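Student: I have a structure here, written as structure tokens, and I will follow up with some questions on it.
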Amino acid sequence: MMGPNPPGKALLANGESGQILPQSMHDTDEIPRIGLCVLHAEVAGKLQLSERLGPTEAAYAMERCLNRITHCARRHSASRTDVFEDRLIASFPAPTLTLLAAREMLERIRALLPMKGIKLTLRAGAVMVRDAEACNEPAENLARNVAELVSDPDGVLVSSALRDALPAPLLLRLAPLEAGKDGKPCGPVFKLADTSLPTPAELRKHTRTQRPTLWIGHQGRSWTLDEDHPPLLVGRDPANHIVVDDQFTSRQHARIEWQNNRFYLIDTSTNGTYLLESGGPERFVRGERQALGEHGHFACGQPAESAESGIVRYVASPRAGDLPEGALELGRRK
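Residues in the sequence shown are numbered from 19 upward in steps of one, following my numbering.
Now the structure itself:
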């Protein structure tokens, strides 16, 4: 049966089925605690540049700077990048990736030559999502407040929770920020004091510990997905991994899989899928793929508020200790 959906698009081919290993099932559908981060990076100097070069040339120069730092964010697995006229807001699946991205952004902007005597600078602030939840403030706002504490011409500041989640070699790069007259937003703040290129030892540790995973939960069952797993299938057919038995769900409704260094929701249904990510509006996906961000949920064939039992939740790269006990795993790729 067709649901109340917008006009459709061409459907994609269905994915191949994967095997579920017969492990115990734990009756919980709680989302694990999140170790996810938000970075606010502002390029300062636009006004002075506009006065020297004119608004058109200044806007072009700012665009080139923002392209540079956006590339840095994506190089370090940013799950989301929102670019504005003088700043970037990016989400990352892990604290180490966040700090390495911010360090590279700082390096790239510092390498730019002055234009008509004006030197553009970067001021960045990074927080963990759980910082914002504890402060009862949106993560983007908290990251911006941290960035505004940069008193030098440029710099990178991070929250104490993000610092505490870093591996030991990277902790040595950070120093406490002395309290200013305006205080600090929701806890201590640390400055990236050592901005040199990461050592091979730091990068090797980072590579070993930052394997991307996706936790998925539905009606008391849970799965973990990574680059070695086949797609996780969702639909009304009992052969799917996640079975949603209602009239708005197609037999092979959607799949979740790892592609091009990202996790994607790929809709193959008639009625589409409604995706709601933390901090954003509900999006309608039909006959196309949508990259999954930090955490959220989706419903098959109808908005989540109307779906009684078909809501599927997900979290990207939770820490190992945060996964629900007895989580199911998909069979490895062969």
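Glycine included, each C-beta is placed from N, C-alpha and C at the ideal position.
Values in this document were obtained by computation on a predicted structure and should not be read as measured data.
Could you tell me the alpha carbon to alpha carbon distance between residue 41 and residue 59, rounded to whole angstroms?
Tutor: A caution first: residue 41 carries a pLDDT of 27, below 50, which makes its placement in the model unreliable, though a value can still be read off. Roughly 44 Å separates the two Cα atoms.
Student: Just confirm the distance between the C-beta atoms of residue 206 and residue 194, as a whole number of angstroms; I'd bet it's less than 8 Å.
Tutor: 6 Å between Cβ atoms; contact.
Student: Specify whether the stretch 66-76 and the stretch 127-134 touch according to this definition: at least 3 beta carbon pairs, one from each stretch, less than 8 Å apart.
Tutor: Output reads yes: the stretch 127-134 touches the stretch 66-76.
Student: By a C-beta neighbour count over all protein chains shown, 10 Å radius and 16 as the cutoff for buried, is residue 320 buried or exposed?
Tutor: Answer is buried; the Cβ neighbour count reaches 16.
Student: Which class does residue 109 belong to by DSSP, given the choice of helix, strand or coil?
Tutor: Looking at residue 109 - three-state DSSP - the assignment turns out to be strand.
Student: At a cut-off of 6 Å, would you count residue 69 as near the ligand ATP, judging by its Cβ distance to the nearest heavy atom?
Tutor: This structure lacks the ligand ATP, and indeed carries no ligand of any kind.
Student: Does the contact criterion of 3 or more C-beta pairs under 8 Å hold for the stretch 69-88 versus the stretch 109-117?
Tutor: Cβ pair count under 8 Å is below three, so no.
Student: With 16 other CB atoms within 10 Å as the buried threshold, where does residue 332 fall?
Tutor: That one is buried.
Student: For the alpha helix (DSSP H) containing residue 68, name the first residue and the last one.
Tutor: Looking at the DSSP string, the run of the alpha helix (DSSP H) that includes residue 68 is 64-71.
Student: Here's the rule: buried if 16 or more other CB atoms are within 10 angstroms of the residue's CB, otherwise exposed. What is residue 328?
Tutor: Label assigned to residue 328: buried.
Student: Going by alpha carbons, who is nearest to residue 184 out of 315, 301, 324, 54?
Tutor: Of the candidates 315, 301, 324, 54, the one whose C-alpha sits nearest the C-alpha of residue 184 is 54.
Student: Taking the CB atoms as reference points, tell me whether residue 269 and residue 251 lie closer together than 7 Å.
Tutor: Not a contact, by the Cβ cut-off of 7 Å.
Student: On the three-state DSSP scale, how would you describe residue 92?
Tutor: Helix, per DSSP.
Student: Would you mind reading off the limits of the beta strand (DSSP E) that contains residue 273?
Tutor: Start and end: 272-277.
Student: Determine the direct distance from the alpha carbon of residue 212 to that of residue 192, and round the result to whole angstroms.
Tutor: Approximately 7 Å between the Cα atoms of the pair.
Student: Once the 5 residues before and after residue 127 are set aside, which same chain residues still bring their CB inside 8 Å of it?
Tutor: Hits under 8 Å: 61, 83, 86, 87, 138, 139, 140, 172.
Student: The alpha helix (DSSP H) with residue 189 in it runs from where to where?
Tutor: It spans 186-189 - the alpha helix (DSSP H) in which residue 189 sits, taken as one unbroken run.
Student: Is residue 195 helix, strand or coil by DSSP?
Tutor: In this structure, residue 195 counts as coil in the three-state DSSP scheme.
Student: Closest to residue 311 by CA distance: which of 100, 266, 77 is it?
Tutor: If we check each option's Cα against that of residue 311, 100 comes out closest.
Student: Can you grab the Cα-Cα spacing for the pair residue 179 / residue 96, in whole Å?
Tutor: Roughly 19 Å between the two C-alpha positions.
Student: Using the three-state DSSP reduction, which class does residue 333 fall into: helix, strand or coil?
Tutor: Three-state result, residue 333: strand.
Student: Would you call the CB atoms of residue 57 and residue 116 closer than 7 Å?
Tutor: A contact, by the Cβ cut-off of 7 Å.
Student: Whose C-alpha, out of 181, 186, 142, is nearest the C-alpha of residue 170?
Tutor: Closest option to residue 170, Cα to Cα, is 142.
Student: Tell me, to the nearest whole angstrom, how far the beta carbon of residue 157 is from that of residue 145; I am working on the premise that it is less than 8 Å.
Tutor: Right, the Cβ-Cβ distance comes to about 6 Å (below 8 Å), so this counts as a contact.
Student: According to the neighbour-count rule (16 or more other Cβ atoms, all chains shown, within 10 Å of its Cβ), is residue 267 buried or exposed?
Tutor: Per the 10 Å Cβ criterion, buried.
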